[in-house]
Structure formats: C-alpha cells, structure tokens
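All you need for this note's numbering is the position in the sequence shown, starting with 1, plus 914.
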Amino acid sequence: MSDVFPSAPSATVTRLERDAVPAEIVDRLRAGAIVAPADVGTIELEGPGQGAITCFQGLLTSDIEKPGDGAFVYGALLTPKGMIVVDGWAARLGPRVRFTVPAEGRERAMLTLQRSVPPRLARSADRTDDVAVLRVAGAHAVAVMGAAGFPIPPAPNHAIAGSVGGVAIEVARTSDVAPPPFVFQLSLAADQREAVEGRLVAAGAYAATPAALELARILAGWPRLSSEVDEKTIPQEVRFDDIGGVSYTKGCYTGQETVSRLHFRGHANRHLRGLAFETDPPAAPASGWSAVTYEEHDVGRVTSIAWLPDGGGSVLGRWIGLAIVRREVPLGATVRAAGREARVVSLPFDAPRVTPA
C-alpha cells in the first residue's frame, strides 16, 4: 500500500438488534419524515481561485467540476491501485469543498488531502467539532422541509447556503437516480443543532437516532466504511455504478486506471447483495459467523444485519442484511449466512421508500 494513501479499515459487521429502531420509524420512512444527527466527520478544502475544486476533482471518483457551483455528489477517495480509502458526500460552494465522511473515515480523509494537495493551491481543515450535520429521510421529506421554512435546493445533487430562523445553514439534496439513505443533509453550527432539529420536529418530522439512518442505509443498499468497505474494496464491488458514485467521463483522478479498466474491459468478481433471512434470527457473533456459503463453498461475508419492523402497529418484523458475495451466486439463491438460511435479493430492498414518492 502506498505511504501516501492510507487504507480503509478492516471490516466489521454492522448489526441493529430488535430494539435498535422503533417500528414507528418504518412508518415515518414510508409516509412521513425523520430527522437524525449523522455520525460523520466534516472536512473542508479551500484555496484561492478554483484551487480546491481542481485538486479535489483529481482525487474524487465523481465529477464535482462539471456540475458547477452548488454541486453535491457522492464519491470516494482511492488508493493508486483503485481501492477505497474513504467515501462521502462532497458539496461545492464557491471556492470551498465540504466533504462529509463517515466518522471512522475522518482521519483518513484528512491524511489523504494533506498529503495530496499542495498548500499553495488549497488547505484542508477538520471542522467536525464546529459543524453539526443532520439528515432528513422519508417519503415526505420535501414537504416537511418546506413546512419548516428551510431553503430547498432547486434540483437533486445540489447544495445551497441560506438561513432559517436566523441560523446560517447549508442544505444539500441527494440524488434521485438511485434511492439514497437520506434526502437532505443540513450542515450548521454545532451549538444550533437542537434548535434546527426542533424546528423540523415541529413541522412533522420524527426525531430519530443515528441507528434509524443506519436502517435507512441498509434498506437503500448503500455501502458503509468498515462494514461493506474494507482495505481491499474497489468501487464497483459496492454498487458505485448503481448509486452514482463514479464518473467515467471526467478527467484523471487517483485510482482511475483500475476503475476504468474494470468498467470497460472486465467485471467485478464480488457484488453487494441483499439478504432476506428466514424465520430464525442471525446467529450471535462468533468466530467465522459472518461467512456466506453456497453449495458448500465459501462465497462471501455478511457485512450488515438489521431487524426491520413491519410497522403499522405490528410487533412483527423480519431480519435483513447486506453481504459481499461472489458474482456466481444468483439472485434468489438460498445461502448460509451468519449461521442461518437466507435468500439473496437485489438492492435496494422493496420497502420502505426513503426518498420522496
């Protein structure tokens, strides 16, 4: 591994137990909205002129240059060999790029930028302690944001700066191409978080926890750093083509050769798939418990598991999960995963929707 680009963390299984997310969350995702603090780090890159934009364009898998000012895109920083270092959402506002990454990827993002970007062109800064990040998900997210008086970006994949109730805020809207884990991302001063969250709750949003956002992520079939993404993961293995996480028309960026060669001349040997477990819950963590086997062969690993309540007042539900499996495993196949029988399904899961209907 290059000494310039750190590797992603070793993989662990994300697991949401039966009591992690209330059934009402599922109802609100289907026909309402939730707001929750995101467990993320905030990294900013800024410099004179277009220095920050140009430098970040040469590192990110997505195109942040062509969409222009106000772009909000999902992508990743890669090693020279094309393996994911850290993924996140990048907002371009004026000469600045704000990169929101998983909390566990905060140090890797900073290290990559500090080692890759010449200080004369742009400087990076960790704003995590100063900036609070809230995310809004659910079928009625747009309506709730409007009722609360928040500025709404004019189009998907767009970010705008504004204010509400005297609080300066940056509002970013995700893509409508593939169902994302959330609809809006709000960035604001850390000491204003409770006031902004309260305003959304007063407009009809359900105050949730980061675990609710995790359930939304699993339902949407999006990868998580340190679960689906480990130190050897390449973008195509974790649905980057499906979720708009990579551009094949932009200029060069670190790791592009591997990603482009795989896209135009080959295929990924592993894919991110959904798991629908049978009646029995997944086994408790133990040595080798996350393995996925098919026809007596080891074909992958379980990466995320969650209890999905039925909602609607029911106490019932089902176990679902995500897994990285060999491409030879067909959709609909019954596998042994986390010590239990499960069916391999396509992503995203059918219900509930987490984006505007």
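Where a beta carbon is used, it is the ideal one built from N, C-alpha and C, also for glycine.
**Any beta strand (DSSP E) of 3 or more consecutive residues that is wholly inside the stretch 1147-1213** = 1184-1191, 1205-1208
**Classification of Ala1092 by the beta-carbon crowding that lies within 10 angstroms, buried from 16 upward** = buried
**Asked** Where in the stretch 1077-1141 do unbroken runs of the alpha helix (DSSP H), each at least 4 residues long, occur, reported from the N-terminal end onward?
**Response** Listed in chain order, the complete alpha helix (DSSP H) runs (minimum 4 residues) inside the stretch 1077-1141 are 1107-1116, 1124-1134.
**Prompt:** Start and end of the alpha helix (DSSP H) containing Glu938?
**Reply:** 937-945
**Message:** For a cutoff of 7 Å on Cβ pairs, would you count Asp1155 as touching chain B?
**Reply:** Among the chains of the structure shown, chain B does not appear; only one protein chain is present.
**Asked** DSSP puts Pro1223 in a beta bridge; with which residues?
**Response** Gly1231
**Item:** Member of Gly1076, Ala1205, Gly1226 whose CA lies at the smallest distance from the CA of Ala1256
**Value:** Ala1205
**Request:** Could you pull out every residue in the same chain whose Cβ sits closer than 7 Å to the Cβ of Ser916, ignoring the five residues on either side in sequence?
**Result:** With a pLDDT of 44 at Ser916, under the threshold of 50, the modelled position of this residue cannot be trusted; read the value that follows with caution. Within the same chain, Ser916 has close Cβ partners Thr993, Pro994.
**Prompt:** CB Leu858 to CB Cys969, shorter than 7 Å?
**Reply:** Residue numbering for the chain in the displayed model covers 915 to 1271; residue 858 lies beyond these limits and cannot be assessed.
**Message:** Please classify Arg1254 as buried or exposed, where buried requires at least 16 neighbouring CB atoms within 10 angstroms.
**Reply:** buried
**Integer Cβ distance of Glu1142 from Ser1218, believed to fall under 8 Å** = 7 Å
**Request:** Rank Glu931, Thr1014, Ile939 by C-alpha distance to the C-alpha of Gly1227 and give the top, closest one.
**Result:** Ile939
**Prompt:** For Pro1033, which beta-bridge partners are listed by DSSP?
**Reply:** According to DSSP, which records beta bridges pairwise, Pro1033 is partnered with nothing at all.
**Proximity to Pro1032 [Cα-Cα], best of Pro962, Gly1235, Gly1076** = Considering only alpha carbons, the answer is Pro962.
**Request:** Would you tell me roughly how many angstroms separate the C-alpha atoms of Gln1028 and Ala1121, rounded to the nearest one?
**Result:** 36 Å
**Asked** Taking just the CA atoms, how far does Gln1170 sit from Leu973?
**Response** Taking the Cα positions, Leu973 is about 9 Å away from Gln1170.
**Message:** Buried or exposed, going by whether 16 or more other CB atoms sit within 10 Å of the CB of Phe1096?
**Reply:** buried
**Request:** Can you give me the start and stop residues for the beta strand (DSSP E) that Phe1013 sits inside?
**Result:** 1010-1016
**Request:** Assign Pro1270 to one of three DSSP states: helix, strand, or coil.
**Result:** Pro1270 falls in the coil class under three-state DSSP.
**Request:** Throw me the rounded Cβ distance for the Leu930 and Trp1221 pair, which I believe falls under 8 Å.
**Result:** Correct: roughly 6 Å between the Cβ atoms.
**Asked** For Ser1101, does the count of other Cβ atoms within 10 angstroms reach 16, so buried, or fall short, so exposed?
**Response** buried
**Request:** Check whether the Cβ of Ala1116 sits closer than 6 Å to any heavy atom of the ligand HEM, and report yes or no.
**Result:** Only the bare structure without any ligand can be found here, which leaves the ligand HEM out of the picture.
**Message:** So, for Met1059: in the same chain, excluding its five sequence neighbours on each side, which residues have a beta-carbon less than 7 Å away from its beta-carbon?
**Reply:** Cβ neighbours of Met1059 beyond the five flanking positions: Val1050, Ile1066, Phe1098.
**Assigned exposure category for Asp941 - 16 Cβ within 10 Å defines buried** = Buried, since its Cβ has 16 or more Cβ neighbours within 10 Å.
**Request:** Thinking Asp983 and Gly1008 are a contact (beta carbons under 8 Å), I'd like their distance in whole angstroms, please.
**Result:** Contact holds; Cβ gap of about 7 Å.
**Asked** According to the neighbour-count rule (16 or more other Cβ atoms, all chains shown, within 10 Å of its Cβ), is Tyr1273 buried or exposed?
**Response** The structure shown does not extend to residue 1273, since the chain is modelled only from 915 to 1271, so the question has no answer here.
**Asked** On the three-state DSSP scale, how would you describe Val1243?
**Response** coil
**Asked** So Phe1013 and His1072 are in contact, right, with Cβ under 8 Å, and what is the actual spacing, rounded?
**Response** About 16 Å separates the two Cβ atoms, so there is no contact after all.
**Request:** Please go through the same chain and pick out, in chain order, the residues whose beta-carbon is closer than 6 Å to the beta-carbon of Asp933, but skip the five residues on each side of it.
**Result:** none
**Asked** Ends of the alpha helix (DSSP H) at Gly1019?
**Response** That residue, Gly1019, is in no alpha helix (DSSP H); it is neither H nor E in DSSP.
**Asked** Going by beta carbon distance, what residues of the same chain come within less than 8 Å of Arg1241, once the five residues before and after it are set aside?
**Response** His1181, Ala1182, Asn1183, Arg1184, His1185
**Prompt:** Residues bridged to Pro951 by DSSP?
**Reply:** Leu1048
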